[in-house]
Structures are given as structure tokens and as C-alpha cells.
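First comes the structure, then the notes that go with it.
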Amino acid sequence: MELPPETFTLRELVQMFSKAEEEGTNVASDVSSGFNKIGLSSKQLEKICTKLTEKELTDPTSIGKRQTRLNEVARLCEDDEITADKVKRVILAHATTKLMFGKIRKAVLEKGASLPKSVADFENIVRDLQKSGDMKLEARNLKGAYSNNAPCPCNSGKRFKRCCGS
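So the number in this note's numbering is just where the residue sits in the sequence shown, counting from 1, plus 1184.
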């Protein structure tokens, strides 16, 4: 694995998904979350990208806050399998991946950590972040990508809207 990019757009997430699909890699078979949870093919993800503005591709959480825009993007794709809920899942996948890439980049550049080589290495990074309290700070960046009634990603046990989403 190479050092994650400093900026990470939705288009780059789709490229990662396409590459994983071409190589026959299925992240979801190793981990309970992953690309399969989105429920869309790489072609469908590319179709979603074509319906978004450059600003939305750079920061897709901006459309996650507006249900009408989610519905509009799903409708513009002209594909029955692409729903507003699935567009929202794509946005959440981008936000969490961007967050993790930022943390990995920071750990490697500032703390001299080695790049993760396995799922266990990623889990260790997440565990360290949870212990340090950085997750609560970073969870605020997921506003618009994360459902208000879902458990907060900072692991406080509260709902997102009552914790980091407020």
C-alpha cells in the first residue's frame, strides 16, 4: 500500500472500487463493511459521479444534508437500482474512507508509523484513534453523511444527532 492522497474525492473512491472489482478483490468478504454494503456496481457508481457537480465530488457530504438533492441524483441516474438511500451510502463510504486515509497519512507522516498491510493493521489504527479521543473530533466531519438517528461513530453510545452531529 502506498501513502493515501492528501485530498480524496468521490471520483477516487469510485476508481478504487473499480480496481477492486477488476482484480476480483472483495473487501466485504473479509470485513462486515465494505463495497458490497453500498449495493452498487462500479458502473452505477460512475453514473452517480456524472450527475454530481465538481464541488459535490470533492465534498459529497454537502448533498447528504439535502434529501431533495439525493432524490434528484438517484432520479437523474435513470437506473431503478440507484436509490436515494444508496446514494447516501456512497456518501458515507466516501466520508469514512477519507477520514481513515487522513488518519493513516497523519500517523505515517507525523508519528512515523508504518503503512497498514492487513485488515488487522487497520483495526489497530481505529482502536488507537478511539482511545485517543480523536474519533469524536473527526466524527463531526461526517455530518451530512451520517444518519442522525444512527449510533455516533465516536463510540459514545449516543445517537449522532445528540452527540457529534449537534
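Don't be surprised by glycine CBs; every beta carbon is placed ideally from N, CA and C.
Since the model is a prediction, treat every value here as computed from it, not as a measurement.
The DSSP-derived three-state label of Arg1250 is coil. With respect to the C-alpha of Ile1275, the residue from Thr1193, Asp1312, Pro1188 and Met1200 having the closest C-alpha is Thr1193. Looking at Cys1233, Arg1311 and Ala1268, the one whose alpha-carbon comes closest to that of Thr1252 is Ala1268.
Between the stretch 1286-1299 and the stretch 1231-1248, the count of Cβ pairs shorter than 8 Å is below three; the stretches do not touch. The Cβ atoms of Asn1333 and Lys1342 do not sit closer than 8 Å to each other.
Leu1241 places its beta carbon less than 8 Å from that of Arg1195. Taking all protein chains shown into account, Pro1244 has 16 or more neighbouring C-beta atoms within 10 Å of its C-beta and is therefore buried.
Annotation for Leu1197: Ala1277, His1278 and Thr1281 place their beta carbon closer than 7 Å to its own, counting only its chain and skipping 5 residues before and after. Note on Pro1188: 16 or more other CB atoms within 10 angstroms of its CB, so buried under the neighbour-count rule.
For Glu1190, the closest alpha carbon among the candidates Asp1264, Asn1308, Gly1349 and Gly1286 is that of Gly1286.
The criterion of a C-beta distance shorter than 8 Å is satisfied by Ile1309 and Ile1288. Distance from the CA of Glu1307 to the CA of Met1284, rounded to the nearest whole angstrom, comes to 11 Å. With respect to Ile1222, Lys1270 sits close: the two C-beta atoms are nearer than 8 Å. Excluding five sequence positions before and after Val1257, the CB atoms of its chain that fall closer than 6 Å to its own CB belong to Lys1235 and Val1271, given in chain order. With a contact defined as Cβ atoms closer than 8 Å, Glu1207 and Ser1226 miss out at about 12 Å. In terms of Cα proximity to Glu1230, the closest of Ser1246, Phe1201 and Ala1291 is Phe1201. Going by C-alpha positions, Ser1246 is about 14 Å away from Cys1233.
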